[in-house]
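J.: The structure follows.
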Amino acid sequence: MGMRVLLVEDDAVLADGVLRVLQAQGMQVEHARDGLQADARLLDDAFAYAVVVLDIGLPGIDGFEVVRRLRARGAATPVLLLTARDAVEDRVHGLETGADDYLVKPFATPELVARIRALARRHAAPATRLALGHLILDGDTRRAHIGARPLDLSVREWAVLEYLLRNAGRVVSKQQIIDAILPWGDDLSLNAVEVYVSRLRLKLIGAGVAIRTIRGFGYMLEAQAA
Amino acid sequence: MSSIRLRLLAWLAGPIVFVNLAAAALAYLLAWAPAGLAFDAALQEAARAAARDPLAATHPARRADGGELTWVAVRAGGRVLAGAPGLPPALPEGAVGDAMLDGEPVRHTSVRAVADGQPAVLTLARTVRQRRQVRAAMLRGLVLLESVCSLALVGLIWVSVTNGLAPLARLRASLDRRDSVNLAPLPEQDMGHELQPVAAAFNALLERIAGASRAQREFQANVAHQLRTPLAGARLQLEWLAERHRGDSDTAAAVTRLLATNERLTRETNQLLALARAEPSQPGRARFAPVDLARLVGDGVQSFVERAAARDIDLGFALAPATVDGDVFLLRDLLDNLVDNALRYTPQGGSVTVRCGAAAAGAPAAGAMLEVEDDGPGIPPAERARVFERFVRLAPDGGATGSGLGLAIVRDIARLHGARVELGDGAGGKGARFTVHFPALRT
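Those sequence lines, one after another, are chains A and B. Adding 619 to a residue's 1-based position in the first sequence gives its number in this note's numbering. Adding 1116 to a residue's 1-based position in the second sequence gives its number in this note's numbering.
Right under this line is the structure:
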């Protein structure tokens, strides 16, 4: 059974779109049309939802108030705010109230799905098994596979690949990679990252994934079209 | 007459010059009267001197001396005893009269005399040439003096009027200096009493205009915000449709077109919003804070990369830390529009590079710079000034659709930050390079 998501959105077309998109991703989506309805559901059973997708501009009580009441009751359910405004006040206010992330309308399907998954992941225990394309990283056994073929990785290569995989579809800078794989402040040059990535590229041939270079900035791991 | 200065000048100078001329006429009369009396006294003296020996005085009867002609005649009982004939009849003793002799005006006087032991009257007439000369000299002097005085007066009045109208001139200059979006009120205290009501009325008008423009901007921002929800709904529905009809090429093509339209509407909505935000009359400096350009670019990288990947454009960065004083949201709008512009006008397979850092050594402003360079078709030098105007789109480009607002937004935001946008050739003379030069941080 997929994760349960509570969608709070008063615009019928947008709500229907989000419903379709998330259901197509195998998520179980419940829909509330206004703030009071959402508040009532969250009052009943906040822990049933992996993520709440919450519009700010709602009839009745607005999204900020819904989050405030949710947090006041001590529920830690992750909240993704949908906002039509990108004004600084809204963002800051939303995050201060206790929301976990925000998305400015209009957004693309992959962006919405990625944000929801990221929130769910952050909230749940860290996944030990990561997969993209034919690539599988199993954190428990520290084994990597391309399909059924075992993949040999050094410790550093594993760390870089794991970080890229956790952020698949997102651009990460070289500095972010260094910070992520060296939590104890060891020294690693940007060039070293390039070396690991070029080695990984060779090892990932046939894995159905590609590491895109963002010239002068960093990398992005993507699934390759078959 | 529409000039206040000329009106004042006419009303001040006219009467003053008139009074001046009247005074001059009076001065002439007052000066001439004693001069005339002196000439008459001299005439009478000459007559009395001649009367001591009247018959001798008539030889010659007409003589010229000192530029004047003098006639003498001794008459008794209407008969000329000696001297010039044809003199005017004798006047009572002590009187001086006017007459004509030989076609020339003369003054004449008579005194009692004794000729050959008989009582007689001696008449002496003299031309008035000297009098005329004296009178003409007097008149010339007065006219000259009065002309000079009148001119000096008019000049002084001109200076005074100009001086008195200086607050008006200052007001006009300060209004002239304003750009079209400066709606700040005029300072009312440092102008004269008479101008204060004018300034107050003007300020009230400015306030109404500012209010209307604020309302318009808020409306614009509101509309843009309102549009985002339906745009988001349409987009998700279309993406879902595209996924579902992936195999059906006709439907897929139509959905792709709809998605492109959706994207275009979104971009234009965002630009509308950015334009409302970047309106130079917004009192935006309040939100200014130090912004690191490298971080600003870093925050936008994800969406830039997605857009570049969709068009198979190689997007690169060269980022060095560079802090500017600015509004982070406006600067994000600026960057978005520059990158969007570059991505749209660069053909598939092209390359776009975003740079930031401290200004190059020797750059005019010793601040920071943000630069977006592409290797697309570039912009001919003659068109470069125009691209920053609103709704200007160059060349019917292949498929690139823009509102023509992007670069106007860039210019407005740069201006708000005291920054200058420079447009040049890309590397190797190919493509376009937009460089935003920010001023040095105020410490």
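Don't be surprised by glycine CBs; every beta carbon is placed ideally from N, CA and C.
Under 8 Å between beta-carbons, which chain A residues line up against B:L1431? List them in chain order, please.
T.: What B:L1431 touches in chain A: I833, R834.
J.: Tell me whether B:A1548 is buried or exposed, calling it buried when 16 or more other Cβ atoms sit within 10 Å of its Cβ.
T.: Under this definition B:A1548 is a buried residue.
J.: Do you know offhand how far B:F1318's Cα is from B:L1260's?
T.: When rounded, the distance between both Cα atoms is 49 Å.
J.: Any C-beta of chain B sitting closer than 8 Å to the C-beta of A:L677?
T.: Judged by the 8 Å Cβ criterion, A:L677 is not in contact with chain B.
J.: Kindly list the residues whose CB is nearer than 8 Å to the CB of B:D1232, restricted to its own chain and excluding five residues on each side of it in sequence; keep chain order.
T.: L1171, L1197.
J.: Between the region 1259-1278 of chain B and the region 1136-1145 of chain B, can you find at least three pairs of beta-carbon atoms closer than 8 Å?
T.: Output reads yes: the region 1259-1278 of chain B touches the region 1136-1145 of chain B.
J.: Rounded to whole angstroms, what is the Cα-Cα separation between B:R1362 and B:V1339?
T.: Using only the alpha carbons, I get a separation of about 34 Å.
J.: Over what stretch of residues does the beta strand (DSSP E) that includes B:A1426 continue unbroken?
T.: Here B:A1426 belongs to no beta strand (DSSP E); instead the alpha helix (DSSP H) covers 1409-1426.
J.: For B:E1355, which residues from the same chain have a beta carbon less than 8 Å from its beta carbon, with the 5 sequence-adjacent residues on both sides left out?
T.: Answer for B:E1355: L1375, listed in chain order.
J.: Would you verify that the beta carbon of B:M1117 is, or is not, closer than 8 Å to some beta carbon of chain A?
T.: Residue confidence for B:M1117 is low, a pLDDT of 47 falling below 50, so the modelled location carries little weight and cannot support an answer.
J.: Cutting at 6 Å between CB atoms, please list the residues of its own chain near A:V698, excluding the five before and the five after it.
T.: These residues qualify, in order along the chain: V671, L673, V686, A718, D719.
J.: Okay, do the region 822-838 of chain A and the region 749-769 of chain A touch, 3+ Cβ pairs below 8 Å being the bar?
T.: Flag = yes, the region 822-838 of chain A and the region 749-769 of chain A touch.
J.: Thinking C-beta only, is A:A659 closer than 8 Å to A:L625?
T.: In this structure, A:A659 does not lie closer than 8 Å to A:L625 by Cβ.
J.: Could you tell me which whole alpha helix (DSSP H) segments of length 4 or greater appear in the region 679-735 of chain A?
T.: For the region 679-735 of chain A, whole alpha helix (DSSP H) runs of length 4 or above, ordered along the chain, are 682-691, 707-716.
J.: To the nearest angstrom, report how far apart B:R1531 and B:A1498 are at their CA atoms.
T.: Cα to Cα, B:R1531 sits roughly 22 Å from B:A1498.
J.: Tell me whether the beta-carbon of B:G1442 lies closer than 8 Å to the beta-carbon of B:L1557.
T.: The answer is no: Cβ separation not under 8 Å.
J.: Taking CB distances under 8 Å as the criterion, tell me whether B:R1344 reaches chain A.
T.: Output row for B:R1344: interface = yes.
J.: Write down the C-beta distance between B:I1529 and B:D1449 rounded to the nearest angstrom, noting that I regard them as a contact closer than 8 Å.
T.: Correct: roughly 6 Å between the Cβ atoms.
J.: Given a threshold of 16 other Cβ atoms within 10 Å of its Cβ, counted over all protein chains shown, does A:M839 qualify as buried or as exposed?
T.: With 16 or more other Cβ atoms within 10 Å, it is buried.
J.: Should A:K724 and A:L700 be called a contact, given that it needs their Cβ atoms to be closer than 8 Å?
T.: Contact flag unset, no.
J.: When the Cα of B:P1208 is compared with those of B:S1226, B:R1191, B:V1222, B:D1218, which residue comes out closest?
T.: Checked all of B:S1226, B:R1191, B:V1222, B:D1218; the closest Cα to B:P1208 is B:S1226.
J.: Taking 8 Å as the CB-CB cut-off, is A:R652 touching chain B?
T.: With 8 Å as the cut-off, A:R652 does not count as an interface residue toward chain B.
J.: Quick check: is the beta carbon of B:V1339 nearer than 8 Å to any beta carbon in chain A?
T.: With 8 Å as the cut-off, B:V1339 does not count as an interface residue toward chain A.
J.: If we count the other Cβ atoms within 10 Å of its Cβ and call it buried at 16 or more, is A:E628 buried or exposed?
T.: When all chains shown are included, A:E628 counts as buried.
J.: Is it buried or exposed for A:I800, if we count other Cβ within 10 angstroms and need 16 for buried?
T.: Buried.
J.: Rounding to the nearest angstrom, what Cα-Cα distance links B:L1447 and B:S1290 in this structure?
T.: Taking the straight line from one Cα to the other gives about 31 Å.
J.: Would you list the residues sitting across from B:F1433 in a DSSP beta bridge?
T.: B:V1470.
J.: Indicate the three-state DSSP secondary structure (helix, strand or coil) for A:L754 in the structure shown.
T.: Looking at A:L754 - three-state DSSP - the assignment turns out to be strand.
J.: Between B:V1237 and B:R1223, is the Cβ-Cβ spacing less than 8 Å?
T.: Cβ distance not < 8 Å, so B:V1237 and B:R1223 don't count as in contact.
J.: How many angstroms separate the CA atom of B:F1420 from the CA atom of B:F1404?
T.: Taking the straight line joining both Cα atoms gives about 25 Å.
J.: When DSSP labels each residue in this structure, what does A:D653 get in the three-state scheme?
T.: Reduced to three states, the DSSP call for A:D653 is coil.
J.: Say whether chain B places a C-beta atom closer than 8 Å to the C-beta of A:V790.
T.: It does; some Cβ of chain B falls within 8 Å.
J.: Assuming B:L1539 contacts B:R1506 (C-beta within less than 8 Å), just tell me the rounded distance between them.
T.: Rounded, the Cβ-Cβ distance is 16 Å, inconsistent with contact.
J.: Taking Cβ-Cβ distances below 8 Å as the criterion, which residues of the region 1430-1454 of chain B are in contact with chain A?
T.: Within the region 1430-1454 of chain B, the residues whose Cβ lies closer than 8 Å to some Cβ of chain A are D1430, L1431, G1432, F1433, A1434, L1435, V1444, F1445, listed in chain order.
J.: Between the region 1343-1370 of chain B and chain A, which residues of the former have CB atoms less than 8 Å from a CB of the latter, in chain order?
T.: Listed by position along the chain: R1344, T1345, P1346, L1347, A1348, G1349, A1350, R1351, L1352, Q1353, E1355, W1356, E1359.
J.: Given that a residue counts as buried once 16 or more other Cβ atoms are within 10 Å of its Cβ, and exposed if not, what is B:H1341?
T.: It counts as buried.
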